[in-house]
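K.L.:
One structure, as structure tokens, below. Some questions next.
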Amino acid sequence: MGKNLILTLALQTLIGLLGVPGAHAALSDSQSAYEDCLLSNLRDSRNEATSQLIKRSCYALYQNGEMLLPRERNYNLCILQYLPGAREPSAIAQIVSVCSRRGQM
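So the sequence shown is residues 5 to 109, counted in the working numbering.
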């Protein structure tokens, strides 16, 4: 029984070690996609509120994307599509409101 336990633990360790490079590559791809999202969407940002909403949406989509419900994904995609470049607080509020309705948040 002790020998089987040792073999099981060795096999689990080996599987874990073999899975690490794949996990690292997936995390690296996720980080790269997140950074690309920030770079492409923050360049026209001229308002702190806009920047925060964009960062939050990039994080949700590219760092936490597997956990999002479809309505959350739709909301964040809407934010990234229409919010960059918005300057006025009233425009920002209106865009967030429309994205919330479209995403049914």
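Where is the CB? At the ideal position from N, CA and C, for every residue including glycine.
Of the residues Ile83, Ser34, Glu92, which one's Cα is nearest the Cα of Ser61?
P.N.:
To locate residue 61, count along the sequence shown from 1; it is residue 57. Of the candidates Ile83, Ser34, Glu92, the one whose C-alpha sits nearest the C-alpha of Ser61 is Ile83.
K.L.:
Could you tell me if Val100 is buried or exposed, where buried requires 16 or more neighbouring beta carbons within 10 angstroms of its beta carbon?
P.N.:
As a working note, residue 100 is residue 96 in the sequence shown. The residue is buried, with at least 16 neighbouring Cβ atoms inside 10 Å.
K.L.:
At the level of alpha carbons, what is the spacing between Leu13 and Glu92?
P.N.:
Taking the sequence shown and counting its residues from 1, one reaches residue 13 at position 9. Taking the sequence shown and counting its residues from 1, one reaches residue 92 at position 88. Per-residue confidence for Leu13 stands at a pLDDT of 48, beneath the threshold of 50, marking its modelled position as unreliable; the derived number appears in the next sentence. If you take the alpha carbons of Leu13 and Glu92, they lie about 59 angstroms apart.
K.L.:
Whose C-beta lies closer than 7 angstroms to the C-beta of Ser49 among residues of the same chain, with five residues either side of it excluded?
P.N.:
Mapped onto the sequence shown, residue 49 falls at position 45. Excluding residues within five positions, the ones whose Cβ falls inside 7 angstroms are Ser55, Ile58, Pro88.
K.L.:
Can you check which of these residues, Pro74, Gln35, Arg106, is closest to Tyr86 by C-alpha distance?
P.N.:
Here residue 86 is taken as the residue at index 82 of the sequence shown, counted from 1. Taking only the C-alpha atoms, the option nearest Tyr86 is Arg106.
K.L.:
Does the Cβ-Cβ distance between Glu76 and Ala90 come in under 8 angstroms?
P.N.:
Along the sequence shown, read from residue 1 onward, the residue named residue 76 stands at position 72. Along the sequence shown, read from residue 1 onward, the residue named residue 90 stands at position 86. No, they are not a contact pair.
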